[in-house]
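Peer 1:
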Amino acid sequence: MTSYNKIIIPLLSVFIFCIFWEWLVWINGWPNYKMASPSDLWPAFWKFRWLFLSYGWDTLWRTIVGLSLSVFVGVGFGIIMGFSKTMRIALYPLLVGFNAIPKATVVPVIALMFVGFHDMNTILIVIFISFFPIAVSISIGLSTLEPEYKDILLSLGATKFEIFYKIALPKTLPEFFGALKVSATLAFIGTNLMEIIEPHGKGLGHLFDSGKISADYPLMFAVLIALAVLGIFLYYIVVLFESIFAGWAERN
Amino acid sequence: MHIELRNVSHEFELETGFLPVLENLSFSVPKGKFTAIVGPSGCGKSTITRLVSGLLKSKKGEVFISNEIVNSPKSTVGMAFQNPVLLEWRNILDNVILPLEIVSKSMNKVEKITRARELLSLVGLAEFEKSRPSELSGGMKQRASLCRSLVHKPEVLILDEPFGALDAFTREDLWQTMLTLKKQESFTCILITHDLREAIFLADEVLVLSGRPATLQFQLESKLGDNRKLDDLYTNETTKSLSILRKQIEIAQKHK
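Below is the structure:
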């Protein structure tokens, strides 16, 4: 597939989706509080363009910082559980239990714990929601490393670190990036949970809340679309990193 | 490098108790010689490779390389397995270089590349040095794996059924490649195999192990000289040797 097609086809699919959406709203005669149509969204975007830019930035940077930290947390847990069977057995129930708690319920707890630290609280929720897939993928990648891979280096007297660095780590990268794609989209859920449940005048979640309070329905839909766009943006950043660091895993 | 096993016994600890795999096994491979080890499936042949490479310590008895007890892995050993285990994220050249990154850290990059290329052209992979392992056939992967096992000029080469998963024609090609490598590089070799013809064709001596727990049951000198051809496998003499080996394997299987 040419790179030209790789851009044209997704754009075309988005365009067709918008046409279909517009048609659906029009044919059903839905009012914009039930379902805003794409043509309602542009005025909303334009009217609040500066807010979208500044709030969008708030949401984006906190999501990216949170996601980056969740990579550290996830890889850390993954390495511990990947190399030690005891730690794997010990940590899995705790992590699964923690992951099973709906993060919407954690938001007020965190907000109470660290009153006033909005940025930190938001980033914390992002970490909570997105480290789990990374931890699981790394631990599975490391624990399922075929013994022969280790043997080729062990028989040369390589150190544990050399085996990790030269074999285990690169071999786990494709799984890691698979998990990071999931985490990247989850991360936005984390940011917005904080911004919507405990609004503190920042981020797209706050804009959504304002739209709700002032009954500006097209604005609410516009926020959702803006979040989708940010999500797509972050996803493709991950894809870019994947093609640089784990491009070898893709077969032609 | 002279390899010697002296009264080696080994057992694995299972949840149900001990599983003896080797019992009082002694044999030696003189420096520069090629020894093939055959025996029934699961008789502990792979355990021998792990003992000689120092990945495993025997419960009783000693393994010597050049009269030194093997306690831990040594950089003077090279290994190749049935699974070529090439690293998918490296091209063929970088895969072959891998052992040098561990044992010859002081060697500069150019020397490493020169050494790897020398081996790759010897096995006919010179044009594929930039290829990814996934782009190569099974036989080519195994050639690359052999290059990797020899790149650091090991004095001992341990081959654990490296040709076992290949089709018959590719296997014969690789046997000849192996002879080429043997002429060019100097190493003492232990080959584990299930293929009696392979054992006769490649080795100077063939050892037959008994069923588990394995011990040395039979030894056979290969009568093929230094210039071996595939046609040598179809002479009366070779047929006779093969038939003797086959009978020995039968006995070993019954013993199990």
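Same order as they appear, the protein sequences are chains A and W. The numbering of the first sequence is my numbering, which starts it at 1 and goes up by one. The numbering of the second sequence is my numbering, which starts it at 1001 and goes up by one. Every residue, glycine too, gets a C-beta built ideally from N, C-alpha and C.
#1: Could you tell me whether any Cβ in chain W is nearer than 7 Å to the Cβ of A:P170?
#2: Counting contacts by CB-CB distance shorter than 7 Å, is A:I244 in contact with chain W?
#3: Is it buried or exposed for A:F17, if we count other Cβ within 10 angstroms and need 16 for buried?
#4: Mind listing which residues of the region 208-225 of chain A have their C-beta closer than 8 Å to chain W's C-betas, in chain order?
#5: Rounded to the nearest angstrom, how far is the Cβ of W:V1021 from that of W:E1011, given a contact under 8 Å?
#6: Taking W:R1132 as the query, report the chain A residues whose CB atoms sit under 7 Å from its CB, ordered along the chain.
#7: Could you name the residues of the region 1192-1223 of chain W whose beta carbon sits closer than 9 Å to any beta carbon of chain A, in the order they occur along the chain?
#8: Do the region 145-164 of chain A and the region 217-225 of chain A meet, that is, are 3 or more Cβ pairs less than 8 Å apart?
#9: Determine, using beta carbons only, whether A:L193 and A:A111 come nearer to each other than 7 Å.
#10: If you draw a straight line from the C-alpha of W:G1211 to the C-alpha of W:T1193, how long is it?
#11: Is there a C-beta anywhere in chain W that falls below 7 Å from the one on A:G157?
#12: What residue does the beta strand (DSSP E) around W:R1006 start on, and which one ends it?
#13: Ordered along the chain, which non-local residues of its own chain (more than five positions away) have a Cβ less than 6 Å from that of W:L1159?
#14: By Cβ distance below 7 Å, which residues in the same chain neighbour W:L1166 in space, the five residues on each side in sequence not counted?
#15: For W:M1107, go through chain A and note every residue whose CB falls closer than 8 Å to its CB, in chain order.
#16: Can you pull the DSSP bridge partners for W:C1189?
#17: Quick one: list the residues of chain A neighbouring W:P1073, beta-carbon separation under 7 Å, in chain order.
#18: Hey, would you say W:E1118 sits closer than 7 Å to W:L1150, going by beta carbons?
#19: Can the beta-carbon of A:W248 be found less than 7 Å from the beta-carbon of W:E1088?
#20: Give me the residue from A:W61, A:N121, A:S139, A:T122 with the minimum Cα distance to A:L95.
#21: What are the start and end residues of the alpha helix (DSSP H) that includes A:N5?
#22: Could you check where the beta strand (DSSP E) with W:A1080 kicks off and where it finishes?
#23: Anything in chain W within Cβ reach of A:E148, meaning under 7 Å, just list it in chain order.
#24: Which of the three DSSP states, helix, strand or coil, is assigned to A:S54?
#25: Any beta carbon from chain A within less than 7 Å of W:I1102's own beta carbon?
#26: Would you call the region 203-210 of chain A and the region 1017-1032 of chain W touching, i.e. three or more CB-CB distances under 8 Å?
#27: What residues match up with W:E1068 in a beta bridge as DSSP calls it?
#28: With which residues is W:V1206 paired in a DSSP beta bridge?
#29: Taking 7 Å as the CB-CB limit, is W:E1155 close to chain A?
#30: What does a CB cutoff of less than 6 Å around A:Y149 pick up in its chain, not counting 5 residues either side in sequence?
#31: Contact between the region 1116-1134 of chain W and the region 1037-1055 of chain W is defined here as three or more beta-carbon pairs at a separation below 8 Å; is this criterion met?
#32: Tell me which same chain residues have a C-beta within less than 7 Å of the C-beta of W:S1046, skipping the five on either side of it?
#33: Kindly give me the distance between the Cβ atoms of A:Y217 and A:Y55, rounded to whole angstroms, as I take these residues to be in contact under 8 Å.
#34: Taking contact to mean at least 3 C-beta pairs separated by less than 8 Å, is the region 127-146 of chain A in contact with the region 64-78 of chain A?
#35: Assuming W:A1203 contacts W:F1018 (C-beta within less than 8 Å), just tell me the rounded distance between them.
#36: Below 9 Å on C-beta distance, what does A:E162 contact in chain W?
Peer 2: A quick look at the data gives this:
#1: Locating residue 170 of chain A in the first sequence gives position 170, where the first residue counts as 1. With 7 Å as the cut-off, A:P170 counts as an interface residue toward chain W.
#2: To locate residue 244 of chain A, count along the first sequence from 1; it is residue 244. It does not; no Cβ of chain W falls within 7 Å.
#3: The residue labelled residue 17 of chain A in the question sits at position 17 within the first sequence. Classification of A:F17: exposed, given that the 10 Å Cβ count is below 16.
#4: Under the 8 Å Cβ criterion, the region 208-225 of chain A contributes no residue.
#5: As a first step, residue 1021 of chain W is located in the second sequence; it is residue number 21 there, counting from the start. As a first step, residue 1011 of chain W is located in the second sequence; it is residue number 11 there, counting from the start. Going by Cβ atoms, the distance from W:V1021 to W:E1011 rounds to 6 Å, so yes, they are a contact pair.
#6: As a working note, residue 1132 of chain W is residue 132 in the second sequence. Ordered by position in chain A, the residues that pass the 7 Å Cβ test against W:R1132 are W248.
#7: none
#8: no
#9: For the purposes of this step, residue 193 of chain A is taken as the residue at position 193 of the first sequence. For the purposes of this step, residue 111 of chain A is taken as the residue at position 111 of the first sequence. Cβ atoms of A:L193 and A:A111: not closer than 7 Å.
#10: Here residue 1211 of chain W refers to the residue found at position 211 when the second sequence is read from its first residue. Here residue 1193 of chain W refers to the residue found at position 193 when the second sequence is read from its first residue. Answer to the nearest angstrom: the Cα atoms are 15 Å apart.
#11: In the first sequence, counting from the first residue as 1, residue 157 of chain A sits at position 157. Yes - at least one Cβ of chain W is within 7 Å of the one on A:G157.
#12: In the second sequence, the residue the question calls residue 1006 of chain W occupies position 6. Its beta strand (DSSP E) spans residues 1003-1014.
#13: Locating residue 1159 of chain W in the second sequence gives position 159, counting from the first residue. Contacts found: A1080, L1191.
#14: Mapped onto the second sequence, residue 1166 of chain W falls at position 166. Cβ neighbours of W:L1166 beyond the five flanking positions: G1138, G1139, Q1142, L1174.
#15: On the second sequence, position 107 is the one that residue 1107 of chain W refers to. Per Cβ cutoff of 8 Å: no residues; W:M1107 is ~14 Å from chain A at best.
#16: For the purposes of this step, residue 1189 of chain W is taken as residue 189 along the second sequence, with counting starting at 1. The partner list for W:C1189 (beta bridge, DSSP) reads W:F1034, W:L1157.
#17: In the second sequence, the residue the question calls residue 1073 of chain W occupies position 73. The answer, in chain order, is L154, S155, L156, G157.
#18: If you number the second sequence from 1, residue 1118 of chain W lands on position 118. If you number the second sequence from 1, residue 1150 of chain W lands on position 150. In this structure, W:L1150 does not lie closer than 7 Å to W:E1118 by Cβ.
#19: Position 248 of the first sequence holds residue 248 of chain A. Position 88 of the second sequence holds residue 1088 of chain W. A contact, by the Cβ cut-off of 7 Å.
#20: Indexing the first sequence from 1 puts residue 95 of chain A at position 95. From the listed residues A:W61, A:N121, A:S139, A:T122, the smallest Cα separation to A:L95 is found for A:S139.
#21: Here residue 5 of chain A is taken as the residue at index 5 of the first sequence, counted from 1. Segment 3-28, the alpha helix (DSSP H) holding A:N5.
#22: Residue numbering aside, residue 1080 of chain W sits at position 80 when the second sequence is read from its first letter. Looking at the DSSP string, the run of the beta strand (DSSP E) that includes W:A1080 is 1077-1081.
#23: Position 148 of the first sequence, counting from 1, holds the residue named residue 148 of chain A. What A:E148 touches in chain W: F1081, N1083, V1085.
#24: Here residue 54 of chain A is taken as the residue at index 54 of the first sequence, counted from 1. Helix at A:S54.
#25: On the second sequence, position 102 is the one that residue 1102 of chain W refers to. Yes, because at least one Cβ of chain A sits closer than 7 Å to the Cβ of W:I1102.
#26: no
#27: Counting from one through the second sequence, the residue named residue 1068 of chain W turns up at place 68. The partner list for W:E1068 (beta bridge, DSSP) reads W:I1065.
#28: Indexing the second sequence from 1 puts residue 1206 of chain W at position 206. Its beta-bridge partners are W:A1036, W:L1220.
#29: What you label residue 1155 of chain W is simply residue 155 of the second sequence in a count that begins at 1. Not closer than 7 Å to any Cβ of chain A, the Cβ of W:E1155 fails to qualify, so no.
#30: The sequence position of residue 149 of chain A within the first sequence is 149, counting from 1. Excluding positions up to five away in sequence, the list reads I167.
#31: no
#32: The sequence position of residue 1046 of chain W within the second sequence is 46, counting from 1. If we look at W:S1046 and ignore the five residues flanking it on each side, its Cβ neighbours are D1160, I1192.
#33: As a working mapping, residue 217 of chain A is identified with position 217 in the first sequence. As a working mapping, residue 55 of chain A is identified with position 55 in the first sequence. By a beta-carbon distance limit of 8 Å, A:Y217 does not contact A:Y55. Their separation comes to about 18 Å.
#34: yes
#35: Numbered from its first residue, the second sequence carries residue 1203 of chain W at position 203. Numbered from its first residue, the second sequence carries residue 1018 of chain W at position 18. In fact, because the Cβ distance is near 32 Å, the residues do not count as touching under 8 Å.
#36: Along the first sequence, one-based indexing puts residue 162 of chain A at 162. What A:E162 touches in chain W: E1101, I1102.
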